[in-house]
Amino acid sequence: MAYTYDYPRPALTADAVVFCAEERKILLIKRRNPPFQHKWALPGGFVDVNELPVQACIRELQEETGLRLKDGQLLGVYGEEGRDPRGWTVSVSFVFKIDKVLMDKVCPGSDSQEVAWYSISLLPELAFDHHEIIKAAGL
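Numbers 1 to 139, taken from full-length UniProt numbering, label the letters of the sequence shown in order.
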């Protein structure tokens, strides 16, 4: 069934802020694909049709880092103009707090060249608006 809408609709994404309080570090991926190819970013990606944002976040996190987490806590919704050069994109972001023992379980996956843990106080330049999302987490 075809639909026609009078208003434009954004693409929906989900991003994961994975934080280890013991080490004061956050998990980042180096992007394999454009936009922001080879830049560091939060794990995340597009929400599939009929998929809940939290489930998309959990799926993308596993695909990109190998981590199988659950029970992410809603952080916020981000849709500022220009946050994604591909067009109007709205991200639902979640925070996952993990124990130190899980830090060694990460590995690059489908859309990530590398994965790494960064100190909250020494973050690299990040893709999209991911600095703002991390700042909002108050870590």
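The beta carbon of each residue, even a glycine, is placed where N, CA and C say it ideally should be.
Unbroken alpha helix (DSSP H) run spanning residue i, endpoints
| i | result |
| --- | --- |
| Arg-24 | Element bounds for Arg-24: n/a, residue is neither H nor E. |
| Val-54 | 53 to 65 |
| His-38 | From DSSP, His-38 is part of no alpha helix (DSSP H); its letter is neither H nor E. |
| Lys-135 | 130 to 137 |
Opposing strand residues paired with residue i [DSSP bridges]
| i | result |
| --- | --- |
| Lys-97 | Phe-19 |
| Arg-31 | Ser-112 |
| Leu-12 | Val-90 |
Given residue i as reference, the closest of the options once Cα atoms are compared
| i | options | result |
| --- | --- | --- |
| Tyr-118 | Tyr-7, Lys-135, Phe-19 and Asp-6 | Phe-19 |
| Ala-21 | Ser-112, Gly-109, Met-103 and Ala-136 | Met-103 |
| residue 147 | Gln-62, Ala-137 and Val-101 | Here the chain has residues from 1 to 139 only, and residue 147 is not among them. |
Beta strand (DSSP E) segment containing residue i, residue limits
| i | result |
| --- | --- |
| Ala-116 | 112 to 119 |
| Leu-126 | Unbroken run through Leu-126: none, as it is neither H nor E. |
Simplified DSSP assignment, three categories, for residue i
| i | result |
| --- | --- |
| Leu-102 | helix |
| Ala-2 | coil |
At a cut of 8 Å, does the region 120 to 131 reach the region 29 to 37 through at least three beta carbon pairs? yes
With three or more C-beta pairs closer than 8 Å as the rule, is the region 92 to 106 touching the region 64 to 84? yes
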